[in-house]
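FYI, in the numbering used here the residues of the sequence shown are 18 to 209.
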Amino acid sequence: MQLKPAIKKNLETFLGEVLKQNTKHNLTGAKTKKDFEFHIEDCVKATILASDALENIVVDYGSGSGLLGVVIKILKPNKEVFLVERNLRKHQFQKFVLTKLGIDGIIPIHDDVANFSLDKKYTACSKAFAPIKKTLLMTKNKENIKNYLFLKKNDANTKRELLEARPLIYDYKMHNYLCQNVKMTVIEVNDH
Ligand SMILES: C[S@@+](CC[C@H](N)C(=O)[O-])C[C@H]1O[C@@H](n2cnc3c(N)ncnc32)[C@H](O)[C@@H]1O
Numbered sequence: 018m019q020l021k022p023a024i025k026k027n028l029e030t031f032l033g034e035v036l037k038q039n040t041k042h043n044l045t046g047a048k049t050k051k052d053f054e055f056h057i058e059d060c061v062k063a064t065i066l067a068s069d070a071l072e073n074i075v076v077d078y079g080s081g082s083g084l085l086g087v088v089i090k091i092l093k094p095n096k097e098v099f100l101v102e103r104n105l106r107k108h109q110f111q112k113f114v115l116t117k118l119g120i121d122g123i124i125p126i127h128d129d130v131a132n133f134s135l136d137k138k139y140t141a142c143s144k145a146f147a148p149i150k151k152t153l154l155m156t157k158n159k160e161n162i163k164n165y166l167f168l169k170k171n172d173a174n175t176k177r178e179l180l181e182a183r184p185l186i187y188d189y190k191m192h193n194y195l196c197q198n199v200k201m202t203v204i205e206v207n208d209h
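See below:
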């Protein structure tokens, strides 16, 4: 993947801080450098592939240690990004790592996704957060969600999840890709 040196540097800083703090604060299930590199690469590929679907404001549901919202912000500095996370420890890590990165226009929110709303249109995205149907139901009254992006493995479980959510979805698109030979997909849901 060809990325600009400044982007690579920020991704490396992010990776380094997650690995350092993870041993103390248990921020992510990805325990090794190799595991976390996989997830960063996944977020980078998904962001590039689905970039036309991103509104100017992007909200990452259940953002954990910062995947995927921090990666979107590093790749797309003009987007305004919100990281919604209900776990205080992870929220505090997000504030810490954003200070280290020195980037503005990305706002960590310590709250439940169900309580979060904005008065402008936005894209709601998530990785390893909740099943598609559950996410759609949890946020069904949020009028300003323009679309959703779900990062998932492209496997039988995801197909089942999609089928289960199908009655709530008007239109969707799958952006498929390989991440280190694993079949992945971004499911773009419009107008549920
Ligand atoms: C499996 S982790 C995934 C974190 C990150 N997106 C990633 O890919 O590494 C799911 C995260 O969602 C958060 N979470 C779960 N339900 C939530 C809710 N209703 N509102 C806000 N955060 C939630 C959890 O605290 C956890 O950090």
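The beta carbon of each residue, even a glycine, is placed where N, CA and C say it ideally should be.
Subject >> With 16 other Cβ atoms within 10 Å as the buried cut-off, status of M201 >> reply: As a working note, residue 201 is residue 184 in the sequence shown. With 16 or more Cβ atoms within 10 Å of its Cβ, M201 is classed as buried.
**OP:** Scan the region 147-185 and note each continuous alpha helix (DSSP H) run of 4 residues or more that stays entirely inside, going in chain order.
**Re:** 149-155 and 173-182
**OP:** Within 10 angstroms of the Cβ of P125, are there 16 or more other Cβ atoms? Answer buried if so, exposed if not.
**Re:** Translated into positions along the sequence shown, residue 125 becomes position 108. Under this definition P125 is a buried residue.
**OP:** Round the Cβ separation of K144 and L84 to the nearest angstrom and send it over; I've been treating them as touching at under 8 Å.
**Re:** For the purposes of this step, residue 144 is taken as residue 127 along the sequence shown, with counting starting at 1. For the purposes of this step, residue 84 is taken as residue 67 along the sequence shown, with counting starting at 1. Between L84 and K144 the Cβ distance is about 5 Å, and since that is below 8 Å, they are a contact.
Original post:
Can you tell which of N171, A173, L154 and N174 has the C-alpha that lies nearest to the C-alpha of Y165?
Top reply: As a working mapping, residue 165 is identified with position 148 in the sequence shown. When each option's Cα is compared against that of Y165, the closest is L154.
Original post:
Straight-line CA distance for N73 to L195?
Top reply: Here the question's residue 73 lines up with position 56 in the sequence shown. Here the question's residue 195 lines up with position 178 in the sequence shown. The straight-line gap from Cα to Cα measures roughly 26 Å.
**OP:** Using 7 Å as the cut-off, classify the Cβ of S80 as near or not near the heavy atoms of ligand 1, replying yes or no.
**Re:** Stepping through the sequence shown from its first residue, residue 80 is reached at position 63. It does: the Cβ of S80 is within 7 Å (strictly closer) of some heavy atom of ligand 1.
Original post:
Within this structure, are the beta carbons of F146 and Y189 separated by less than 8 Å?
Top reply: Start at 1 with the first residue of the sequence shown, and residue 146 comes out as number 129. Start at 1 with the first residue of the sequence shown, and residue 189 comes out as number 172. No; because the gap between Cβ atoms is not below 8 Å, this pair is not in contact.
Original post:
From which residue to which residue does the alpha helix (DSSP H) around T116 run?
Top reply: Mapped onto the sequence shown, residue 116 falls at position 99. Unbroken alpha helix (DSSP H) run through T116: L105 to L118.
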